[in-house]
Structure formats: C-alpha cells, structure tokens
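For the sequence shown, the UniProt record's numbering assigns the number 1 to the initial residue and increments by one for each residue that follows.
Even for Gly, the Cβ is constructed at its ideal location relative to N, Cα and C.
Fair warning: this is a prediction, and the values are worked out from it, not measured in the lab.
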Amino acid sequence: MRLVRLGQQPSRVAEDIRAALASLGRGDHAVGGIALVGPRPLPTAKPVDAVVLMPHGVIIVLGVDLPDPAIKLEAPLAGQWKADGWPLVGRGSAAHPAASALSQASSICRQLRQTAPKSLPIGTIVAVGPFVETVEQPAADLTGTTRVLHPTPTTMLAATVSLASGDTPCTVDEVRALLRVLAPEVAQLGTEVLTAEGFADGPAEPGQDPLSAVTLTMPAVPAKPPAPAAQPRGPVTTETPPAPAPATPPAPPSTPPSAPAPATPSDAPPPKPIEVTAPVPKIRTPVAAPRNSRTVRWLPMAAIGLLAVIMVTAIVLATTRSGDSAQPAPSTAPRAQTVQGFQFLERASGTQQSCAEHAYGDLQASLQRAACTMMRRGSFETTVDGKPVAVSIAVVYFGDETAATAFKAVADTPGGGGVTDVATEAGKWSRTPQFAGAAYASAITGTAVRLVLTSWFDSASSASDPNLVEVAHLALSVQVS
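Below is the structure:
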C-alpha cells in the first residue's frame, strides 16, 4: 500500500487512519493499492481523510469524532447510535454523528462511478474515534458496502479485504484515470510502481487464449482411434472400462474372505461359557456380605462419636460467641471510608501485575511502552444530596518517577484513554454506571499515579459538574486495598 499525502486530514482520528493504512504493508505484500491521504474529491466539499484505490475496489475513508472514548458503540446506518448505552445525536436533525459523512460518501461514489469500471466495487469506511473498543453493526448493514470501525491494523485489513472484492483487477490505465479525477496535481505514477501494487498491466481477456490452446491439444491425445476422435467423451469411456476390469477380479477374492465370516457364527458357543462365570461373583458375594455387615455394625458407633464431637463444638462456640459475634458483621458489610463528611462504600477492589490489559486508548499504548510494576483498582459508591455517585479509582505504580510523570501526562490529555473500572469488569455493581462524560481527577506521589472517575448512576454525567468534580478530588485520598 503506497500512501500519497495530499493535504491535512479533517478529523481528530486521522492519525489512527493513516497508521492503519500504513500497516497494510508495502507493495501487494498484504493489501496493494494507492492510498490518497487528505484528498478533495468534490471541489465544493471539505477534504476526506482518505480514498484508497485498490486492484479490486475503491474505498472512501471518512473520520467521525465522537464526544468521548467508548467501550461499545452501537452504530446502525439508519438508526440512532449509542455509546456504552448512551444515545449519540448528530447535528441538527441527523440521526447519528456520521450522517453527513455518509451523505458526502454517496456524492463521491456517484462521481467516481462515472470514471471507474462498472465491475469495480466502491465502498465506504466510517472511522470513529478517539477510541472505541467494540463496534456493533446490524447484520443487514454488514452485507452492504459500508463499515463502521475504530481504525486499527486488524480492523482496517478486514474491512479492505471485505469491501474490495471485485472479480476483475483494475488495470494501470484505469487507475491512472481515477487518479486524474481525485488528485490531478499528483505526477503520473510509473507502470512498475502500479503493477507492484497489484494493478494489471493490461486487460485480462488475453488470459483466455492459453485455455483455448489446451482445448485444442486435448483432441490430439486421443487421436489414435480415428472414429471416436470426433467425440472426446468416447475415448475417455473406452479407457475407463479397462481400469474397472482389473478392479472386478479383485471383487471375487473379496467374496471368499466373506465366506470365513459365516464361520464366526459357528464360534457362538464360546460366549456361552461366559454364563458359567456368573457363579463366580455369587461365590464372592457371600464373602463380601460379612464385610459389609461389619462396617454396618460400626456405623452406629461412628454416628455416636460424630454427635459427641458436634456437641462439644457447639458448647465451645456458645462460650466464645459473645467475644466473636461482632467479627462476622464487618466481613459481610462493605468497607466504608469517610473523607470530609463523604462516606465511600467499597464495591470491588483488585491488584494486578499486568497493567496494559486493563487500560484502553493511548493510555494502554503508554503502558505497553513503559510497563508498570503494579496496579491497584477500587470501585466505591457515595452520595451527593441523596443521589448515588459511582467512583472508580486506579493507582498505577512505576519503577521511577520519570515513567510515572510521562504516564500522568498521557492520562491528563483529553481523549487519551483510561483504566477500566474494576467493578464493571467483574460485574459487581448492582446497577452498572456509565462513565461516559465522567468527572476526572489525578495526582502523582513519587512513583505512584492515582486516577479517579466519578459519574452519576441515574442521570447523564458531565466532566464539569461541580458536585462530581468535588467528589473526584476527595476520592484522591481514599485508600485502595
């Protein structure tokens, strides 16, 4: 895949798109083609993120920026989108944020269809960001020519292979015609460059001549019998009977072996002695009977002994119950911590040595580059004016302060990813909160970085909500076990 950069890409997810296209390899190693980055197919419209010209298809790539990162995005092409269960709306009366992008893609497709070969499919990729872990599309949408995805090497490869599925490869002349429409300012690419990307140097029709030559040589082989030469099927059938003929002689020998088979019924008497062995277990049963009776005799004694042990244990527990009765109560009730009048009830906690698998977005990439030494996570619940608030805390430990400072800088960047909530991951919430739009706070102490997210349970959250911001800063003092 050869990238040709023409202009600035309009979306914030542009860098991920460019990286995903570059990962497709050089030449036709993985997926060959020419990727125009930042072209303006319609002079009256804004540029698009990319248009990919491939030997078996054309793909229009448009970036759509979501308000916040999401774990799961439900993205029907004709319905409302939902990010982690929260509805996403488009501009004006649009059904979803990608409505205008899809309209622009349809206009570009109509323009390209005037130049592109009729057999060359044209598809659309809607690349969403800043981060989405899973994108769900209805099955009916997946049968069409539009894919919604977060651009990664894996998702981009799968989408390009699925959408560029034409039977006849695009030729060098045809792709040059498309390049003149999309990027007239680009110098003409050489034939060697285009063929290296998988484009055909000429039409595929001459490829049928060798097949016709083969059909001409086929009659020449059975030319020995002159009369059947006019019917190629005749010689074939005359050759096959001799082959089965030797196969039929072995058939008779196969029947003689079947003759000894009936002899096996004559050996039916041997199974009868098996009945003779039946008395053997009868002889053993009387011997086993007294053993069972002996064990049965011991059962009452064992029961009496067990009853005595239970009674002694009950007496001991009764005498010590007054001193131990207060201990089980705190074990069943959730742990509570009070910070400046706010009570934080612990719902879940956990400690992990591997941190990257519990993070997402740029924060996950940062942990893959500079691994942490340990991560502690805790989920708490508190209330503000009677309304329940979910609190997610992550404490990440590093080997030195430099790595900790770099990690905090990535975490403080809007859209830079985050750490997965431990109670959500373990299913410990009685009602799952939505951390989309949650308030955020962070702090660093030596080599430890503390990240906090707070959100409402029963209503949408805002990162600037003063109540949520206050709880987030107070949670920086909550201890995570």
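Specify, as a first and last residue, the run of the beta strand (DSSP E) that residue i falls within.
i: Arg347; result: 342-352
i: Ala403; result: Not the beta strand (DSSP E): Ala403 falls in the alpha helix (DSSP H), residues 401-411.
i: Gln337; result: 336-339
i: Val442; result: Before going further, note that residue 442 is Ser rather than Val in the sequence given. Per DSSP, Ser442 belongs to the beta strand (DSSP E) from 439-445.
i: Ser455; result: 448-456
i: Arg377; result: 374-384
i: Pro388; result: 387-397
i: Thr124; result: 122-129
Apart from the five residues just before and just after residue i, which ones in its own chain have a Cβ nearer than 7 Å to its Cβ?
i: Leu476; result: Ala441, Ala443, Arg450, Val452
The alpha helix (DSSP H) spanning residue i covers which residue range?
i: Met156; result: 153-163
i: Val61; result: Counting along the chain, Val61 falls outside any alpha helix (DSSP H), though it belongs to the beta strand (DSSP E) covering 57-65.
i: Ala139; result: 139-142
i: Ala94; result: First-last for Ala94: undefined, no H or E at that position.
i: residue 484; result: Limits of the chain in this structure are 1 at one end and 481 at the other, which puts residue 484 out of reach.
i: residue 493; result: Not covered by the structure: residue 493. The range shown for the chain is 1 to 481.
For residue i, tell me which candidate among the options has the shortest Cα-Cα distance.
i: Val132; options: Thr420, Ala95, Leu163, Pro39; result: Thr420
i: Pro130; options: Thr160, Pro67, Val172, Leu178; result: Pro67
i: Val37; options: Pro69, Ser23, Val61; result: Val61
i: Asp141; options: Thr154, Thr124, Met156, His150; result: Thr124
i: Ala439; options: Ala448, Ile393, Phe342, Lys408; result: Ile393
i: Val478; options: Val193, His56, Val339; result: Val339
i: Glu425; options: Ala371, Ala359, Thr373, Ala403; result: Ala359
i: Asp167; options: Ile108, His56, Ser106, Gly32; result: His56
i: Asp65; options: Ile59, Gln80, Leu42, Gly90; result: Gly90
i: Val58; options: Pro121, Val48, Leu24; result: Pro121
i: Pro203; options: Gln80, Pro117, Gly418; result: Pro117
i: Thr154; options: Ser103, Ala95, Ala22, Leu179; result: Ala22
i: Gly341; options: Leu474, Leu178, Ala365; result: Leu474
Identify, in the order they occur along the chain, each residue of the same chain with its Cβ nearer than 6 Å to the Cβ of residue i, setting aside the five sequence neighbours on each side.
i: Gln111; result: none
i: Ser481; result: Ser349
i: Ala472; result: Ala439, Ala441, Val452, Thr454
i: Val422; result: Ala348, Gly350, Arg377, Ser379
i: Ala187; result: none
Measure the alpha-carbon distance for residue i versus residue j and round it to whole angstroms.
i: Cys170; j: Thr191; result: 13 Å
i: Ser461; j: Pro433; result: 10 Å
i: Leu306; j: Gly427; result: 41 Å
i: Val395; j: Ser379; result: 12 Å
i: Gln353; j: Met375; result: 6 Å
i: Val128; j: Arg147; result: 11 Å
i: Asp201; j: Leu88; result: 47 Å
i: Pro138; j: Arg335; result: 43 Å
i: Gly361; j: Ala19; result: 14 Å
i: Leu189; j: Ala159; result: 26 Å
i: Ile108; j: Thr145; result: 14 Å
i: Ala213; j: Gly32; result: Unreliable positioning characterises Ala213 in this predicted model, as indicated by a pLDDT of 40, which lies under 50. The coordinate reading is nonetheless provided below. Distance between the alpha carbons of Ala213 and Gly32: 32 Å.
With the cut-off set at 7 Å, would you say residue i and residue j are in Cβ contact?
i: Ala35; j: Val13; result: no
i: Arg347; j: Glu381; result: yes
i: Val410; j: Asn467; result: no
i: Lys72; j: Thr152; result: no
Take residue i and list the residues in its own chain whose beta-carbon comes closer than 8 Å to its own, dropping the five residues that flank it on each side.
i: Val193; result: Arg2
i: Gln231; result: The predicted model places Gln231 with a pLDDT of 45, which falls under 50 and marks its position as unreliable; any figure quoted below should be read in that light. Contacts found: none.
i: Pro388; result: Glu381, Thr382, Trp456, Phe457, Asp458
i: Ala370; result: Phe398, Ala403, Ala406, Phe407
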